[in-house]
Structures are given as C-alpha cells and as structure tokens.
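2 protein chains.
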Amino acid sequence: MSDRSESSITSGEDGKGRIEQIAEAALRLFARYGYKRTSMDDIAREAGVARATLYLHFKGKDDVFRAMLAGLGAQVETRCREALATPGPFAERLAALMAAHHGTAFSAFSAGEHLGELKAVMISIAGAELAAFEAIFIDLARQLFDGAAAQGEISIERSGLRLDTLIATIMRAAAGAKYGELPSCEDYLLRLREIASVFAAAVSRDGALRA
Amino acid sequence: MSDRSESSITSGEDGKGRIEQIAEAALRLFARYGYKRTSMDDIAREAGVARATLYLHFKGKDDVFRAMLAGLGAQVETRCREALATPGPFAERLAALMAAHHGTAFSAFSAGEHLGELKAVMISIAGAELAAFEAIFIDLARQLFDGAAAQGEISIERSGLRLDTLIATIMRAAAGAKYGELPSCEDYLLRLREIASVFAAAVSRDGALRA
DNA sequence: ACGAATTAGACGTTTTGCGTCTAACTAGAA
DNA sequence: TTCTAGTTAGACGCAAAACGTCTAATTCGT
Chain A
846 MSDRSESSIT SGEDGKGRIE QIAEAALRLF ARYGYKRTSM DDIAREAGVA
896 RATLYLHFKG KDDVFRAMLA GLGAQVETRC REALATPGPF AERLAALMAA
946 HHGTAFSAFS AGEHLGELKA VMISIAGAEL AAFEAIFIDL ARQLFDGAAA
996 QGEISIERSG LRLDTLIATI MRAAAGAKYG ELPSCEDYLL RLREIASVFA
1046 AAVSRDGALR A
Chain B
846 MSDRSESSIT SGEDGKGRIE QIAEAALRLF ARYGYKRTSM DDIAREAGVA
896 RATLYLHFKG KDDVFRAMLA GLGAQVETRC REALATPGPF AERLAALMAA
946 HHGTAFSAFS AGEHLGELKA VMISIAGAEL AAFEAIFIDL ARQLFDGAAA
996 QGEISIERSG LRLDTLIATI MRAAAGAKYG ELPSCEDYLL RLREIASVFA
1046 AAVSRDGALR A
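Residue numbers (the working numbering), protein chains in the order written: chain A, 846 to 1056; chain B, 846 to 1056.
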C-alpha cells in the first residue's frame, strides 16, 4: 500500500508535491547527520509535516532514503543533459559531464562527513537506485564518446581500451577522488577536472592536450 | 565515586590527560550534532577510548557536558586575560575582550546549528558552569572599565548607568547578536565590534569616536 | 456537504542508549 | 616477579527513543 508511485502531486504548496518536499528534507538531514542519526520524526519536522504523513507516502525510512536518491538522480540527470547539450571541445564536455554527475552528487552530501555511511546504506538498501544512478552517467558518457568519435574528434582505440572499460575506469577514478582525507567540494571538482583532462588526452586524436 | 576532581593527569599521551581528551572530543560532537544526538558511545569513539573509561572519569553524560564547559571556560579565560594584557585605546581593548569571550564561545559551537539546544542544556544541567563562564567576563570587564576610568580615559558616569548595569547590558547585547538568522562566525565577530564601539562611545570622555 | 489529504496522538514492538559491573589486559614501580 | 592503577571488551537490566500501525478528528478544495 502507498507504493510511492507517481500517484498525484495534485496540489503542491509551492509547486512541489509532498513526496519531493519530504525527500528534499530527508536529503538535507541525511547529508548533515547521516542515516542512522536521522529519525523519521526529524524528517517530518524538517519537511513541516506530520509523522503520519510520511507513512502515507513511504513504506519506511529506507523507502524515504530510496526516494531521496531517486530525486537526486533526476536532478543529476537534468544537469548532465544540460552539460552534454553545451557545445565545446571534447575535454571540456567530458569535464562538464563529470562535474554535473559526480560533482552534484558529492556536493549534495558535502554538508557533513557521512559519505561513508551513506554509501554503505545505499549499497544495502538502495542497490537498484544506485545502479540507476550510475547508469545515467554510463549512458550519457557513451553518447559523448561515440559522438566525438563519429566526428573524428577523438579516437577511442587510441586509449587501448574498449569504451565500456574506459567509462568504467572514469567512474572508478571519480570514486577514488573521494578517498583519503575527504576533500572540500571545490577540491573534489578540481580533481574531477584533472581526471577529465587525463582521459581526454588518452583519446585525443592529435595527441596534443590543450589546457 | 570518580568525582572528576583534579585527581591526577599522571602521564598524558601527548601532554593532555584523559579528562581533557574526552572533554575536547565531546565538544566537537556536541557542536556538530547537539547534545541529544550525541551518545556516550560516540564520545568514546571520538576520544579514542573505551566507553567504560568515560565512567571512570565522569558520572554521566551531563558530567561530561559540564567538564566540556569548564574546559571551554578555562580557554576563554586565558584568551580574555591575553586580550586585557594588550595595551591600546579603550574601545579596542573592549572589542578584544568581547571577541575573546563571546567570540571564542560562539566559534566553539559554530560547527553546527545547535546553539539553541546547547544553551538550553547549559541552563538545565550546567547552571553553575554557565554562571562561572559569565563571571569571567564580568570580572575582567570590570577591571577594564575601572582601570580606564582611573586613568581618566573614560567616564562611566557619562553613560548614565552603574558599572554593573553597563556590563550586564553589554552581555545582553552580545547574546542578542546571535538571535534571528544565525550569523556566521565572522558576522558575529563583526557585530561584537559594533557593539563594542557603541559602548565605548557611551563612556568616551571627549565624546569623539574614532573608528 | 462531500471526499481526499492531513493531522495529533496513542499503541505495541524493536532498537538504542545509559549506567553498572566483571574479568582480563597493560604498563610502570617496588 | 608482584603489586597497583588505568584501561579495555563485553555483558547486564532498565529506561528512553524510534519504528511502524492505527484511529478519530480536522482541514481544504470542489
């Protein structure tokens, strides 16, 4: 019951329905305090809603978390498509795509130091959403590489890897940029740019890399 | 038992004893998450100590809180005395004293948005420590005003208030500077400077205020 | 007046946290 | 070695909190 389907969002106080409203409140709290330290009561209060209302729309705390991830995924997808729609050299577009995807996700959670816990929770209760989240990037990155290759701007073969592997490697590099001392949001975005320029150079047709 | 007295601090891993070590860990967590959201387990982990060790030195969570406040009070007192030891015009010294007292306390807790809860906890379980905390400022401010008045630099009577009342008013103004939208640490320090210049002008002997 | 959405609040259950306690471990001093 | 003080992991009972469910009352747009 109350399957959190695309039911209504009938009225909406200021344009957004209850579900978005609650998911956004949950995002703020999860980012700041982590999953365990955030109670349903906290979420209800932050969303300005009765606790019972949460259970009208969600099955439980894990369901709220999944909805929050899905909402974040939608936002990330929008930004990624905007980034891809912008013309420019391949290296720039790759950097923009990475910033839109990994950077948006990172900055959403950078209000606290709970990336580790949140990642663990994602894996354990939101595997599907996490996969969808990554699929967004894989799909759009493939479009970017394929398009640039078709126009002769880059040569994927030059990297010595298949496109699948190349993209998977990018994602692992972006994930790795969070390890060790947790970087600030700006530092993380800078590291993403550095990764992007390396990968762009690896497939550049002329071998010359413009900064 | 384990009266948290000035027992030993016998060895000390890097100069600070267990009690300071734990109190500082507690300060970090209380500032970031608030009192209720911080468990004894969290404090033990943050301090790198077993949970049982907490109860060797403190009676309970409230006792840890009080010790943390006392430690903060000691730090504030040090900074206040340093500020008072520095020569300069009265207005500057008052501003420095206020920054040392209220600013230090504020910045210690500015890592989160839990000033309200922490203040309430202070009142309910640490009234004595809170009073001592304020007494530090009252005492030193009195020294500052009396000294400047004795040297003819200021005229307390000019303000139309007794010194006690004047100082109490300063403290209320400093407290009020936190109300409404919680300011950033820099903004709060700026507001303190503004308050200091007003009060300095109120007792200035020549009536001219230098910025 | 009707119905859909929301609300406060109570409920039983599960989980978490508190404070206590014990037995074992470590390290320095005698 | 032995003694002692400090620490530790872990278990315990109890209290508080959080979870998820439910109901009766309320709001609000139509």
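By construction, the Cβ of each residue, glycine as well, lies at the ideal position given by its N, Cα and C atoms.
Any C-beta of chain B under 8 Å from that of residue i
i, result
"residue 880 of chain A", "no"
"residue 847 of chain A", "Annotation note: pLDDT 32 at residue 847 of chain A (below 50); position unreliable, no value reported."
When the options are compared against residue i, the one with the closest alpha-carbon
i, options, result
"residue 1005 of chain B", "B:1024, B:973, B:1044, B:1020", "B:1044"
"residue 863 of chain A", "A:956, A:1047, A:909", "A:909"
"residue 1038 of chain A", "A:876, A:1022, A:966", "A:1022"
"residue 932 of chain A", "A:1032, A:993, A:920", "A:993"
"residue 921 of chain A", "A:995, A:874, A:947, A:1025", "A:947"
"residue 876 of chain B", "B:904, B:957, B:930, B:901", "B:957"
"residue 995 of chain A", "A:1014, A:935, A:1042", "A:935"
"residue 1013 of chain A", "A:1026, A:1025, A:990", "A:990"
"residue 1011 of chain A", "A:1046, A:1034, A:1033, A:969", "A:1046"
"residue 964 of chain B", "B:1034, B:1032, B:1024, B:1033", "B:1024"
"residue 1042 of chain B", "B:924, B:881, B:938", "B:938"
Close-in-space but distant-in-sequence residues of the same chain around residue i (CB under 8 Å, 5 per side omitted)
i, result
"residue 926 of chain B", "985"
"residue 1029 of chain B", "955"
"residue 1050 of chain B", "997, 998, 999, 1000, 1003"
"residue 896 of chain A", "885, 886, 889"
"residue 971 of chain A", "907, 910, 911, 914"
"residue 858 of chain B", "Confidence at residue 858 of chain B is low in this model, with a pLDDT of 39, below 50, so the placement of that residue is unreliable and no value is reported for it."
Neighbourhood of residue i by C-beta distance below 6 Å, restricted to the same chain and skipping five residues each side
i, result
"residue 898 of chain B", "none"
"residue 879 of chain A", "959, 962"
"residue 786 of chain B", "Any property of residue 786 of chain B remains undetermined from this structure, which presents chain B solely from 846 to 1056."
"residue 982 of chain B", "946"
"residue 850 of chain B", "With a pLDDT of 33 at residue 850 of chain B, under the threshold of 50, the modelled position of this residue cannot be trusted; read the value that follows with caution. Counting only Cβ-Cβ distances below 6 Å, and skipping sequence neighbours, we find nothing."
"residue 967 of chain B", "975"
"residue 872 of chain B", "913"
"residue 861 of chain B", "none"
Contacts around residue i, its chain only, beta-carbon distance under 7 Å, and the 5 residues preceding and following it disregarded
i, result
"residue 1048 of chain A", "999, 1000, 1001, 1003, 1004"
"residue 1019 of chain A", "943, 947, 1037, 1040"
"residue 906 of chain A", "885"
"residue 883 of chain A", "874, 875"
"residue 1008 of chain A", "987, 990, 1001"
Minimum Cβ-Cβ distance from residue i to chain A less than 8 Å
i, result
"residue 1049 of chain B", "no"
"residue 1044 of chain B", "no"
Residue i beta carbon near the ligand GTP (any heavy atom closer than 7 Å)
i, result
"residue 1031 of chain A", "Of ligands this structure carries none, so the ligand GTP is not represented either."
Next on the checklist: For the segment 934 to 954 of chain A against the segment 974 to 989 of chain A, do three or more pairs of beta-carbon atoms, one drawn from each stretch, fall closer than 8 Å, so that the two count as touching?
Outcome noted: yes
Do the segment 991 to 1001 of chain A and the segment 948 to 959 of chain A touch if we need at least three Cβ pairs shorter than 8 Å? no
query: Counting pairs of beta carbons, one from the segment 913 to 925 of chain A and one from the segment 968 to 981 of chain A, are three or more of them closer than 8 Å?
result: Yes, they touch.
Q) Does the segment 892 to 901 of chain A come close enough to the segment 865 to 877 of chain A that 3 or more CB-CB pairs lie under 8 Å? A) yes
Note to self: Ignoring anything shorter than 4 residues, give me the alpha helix (DSSP H) runs that lie fully in the segment 849 to 911 of chain B, in order along the chain.
What the structure shows: 863 to 878, 885 to 892, 896 to 902
Only counting runs of 4 or more residues, tell me where the alpha helix (DSSP H) segments fall wholly within the segment 1001 to 1027 of chain A, in order along the chain.
1008 to 1021
Contiguous alpha helix (DSSP H) assignments of at least 4 residues, all confined to the segment 910 to 950 of chain A: 935 to 943
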